Each structure stands twice: as structure tokens, then as C-alpha cells.
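**Q** My questions will all concern the structure given below.
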């Protein structure tokens, strides 16, 4: 899960939405929970580890949403500019 978190952070920094999408497809919380449970000494450690990771995932997903919305808005603005420009060619 640490590698996934690092890869997701890097994709966010690079604003690589294709990589973000691919990583989201690869996200497997069930396997993460099973692996974490096997490596935890007790319930408190398990709970803390899972909660910490889920908080990180949530924060990263919120940032990814912001990025995607921003890119979508920029694309929409560019399309509007092209539409206005086309009006000059189609009287």
C-alpha cells in the first residue's frame, strides 16, 4: 500500500490523470486490510494502521478530484474559446 500511496502522490504532483485512473483501478482495499491484519500484533495496532492509511487515501482522492475538476473546467473553457472562434468562420 505504501508503494500505491507514493505512486498516487507522484501522479498528483505530475498532474498525470491517466496514471491516477490506472492507480484507482489497481486499488484493492480488501487485500490491504487482509495484509495489514496478518502483520498487526493486536487490534489497536490494526485499527491505527488501517485508519492512518485510509486518512491518507481520502486526502489523496480529494486532491485528485480537485485536479480533475480543474482540468475539466480548463477543457470546457478551451472548447468555449474554439466555439467562439468558429463563429467568425461561419457567418
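In this note's numbering, the protein residues as written are -10 to 80. Virtual Cβ for every residue (Gly too), placed ideally from N, Cα, C. Values in this document were obtained by computation on a predicted structure and should not be read as measured data.
1) Would you check if the distance between the CB atom of residue 0 and the CB atom of residue 12 is smaller than 8 angstroms?
2) Rounded to a whole number of angstroms, what is the C-alpha to C-alpha distance between residue 43 and residue 9?
3) Taking C-beta to C-beta, are residue 51 and residue -6 nearer than 8 angstroms?
4) Secondary structure at residue 10, three-state DSSP: helix, strand or coil?
5) Go through its chain and collect everything with a Cβ distance to residue 74's Cβ below 8 angstroms, but skip five positions before and after it.
6) From residue 28 to residue -2, what distance separates their C-alpha atoms?
7) Considering only residues of the same chain and omitting the five flanking positions on each side of residue 39, which have a CB-CB separation below 7 angstroms?
8) Ordered along the chain, which non-local residues of its own chain (more than five positions away) have a Cβ less than 7 angstroms from that of residue 16?
**A** From the atom records:
1) One-based indexing of the chain shown puts residue 0 at position 11. One-based indexing of the chain shown puts residue 12 at position 23. Result yes, Cβ atoms of residue 0 and residue 12 sit closer than 8 angstroms.
2) What you label residue 43 is simply residue 54 of the chain shown in a count that begins at 1. What you label residue 9 is simply residue 20 of the chain shown in a count that begins at 1. For residue 43 and residue 9, the distance between alpha carbons rounds to 17 angstroms.
3) Here the question's residue 51 lines up with position 62 in the chain shown. Here the question's residue -6 lines up with position 5 in the chain shown. The answer is no: Cβ separation not under 8 angstroms.
4) By one-based count along the chain shown, residue 10 stands at place 21. Note: residue 10 maps to helix in three-state DSSP.
5) Numbered from 1 along the chain shown, position 85 holds the residue referred to as residue 74. Within the same chain, residue 74 has no close Cβ partners at all.
6) Here the question's residue 28 lines up with position 39 in the chain shown. Here the question's residue -2 lines up with position 9 in the chain shown. Roughly 24 angstroms between the two C-alpha positions.
7) Within the chain shown, numbered from 1, the residue matching residue 39 stands at position 50. The beta carbon of residue 39 is closer than 7 angstroms to those of 22 and 25 in its chain, skipping five residues each way along the sequence.
8) Reading the chain shown from its first residue, position 27 is the one you call residue 16. Taken in chain order, the residues that qualify are -7.
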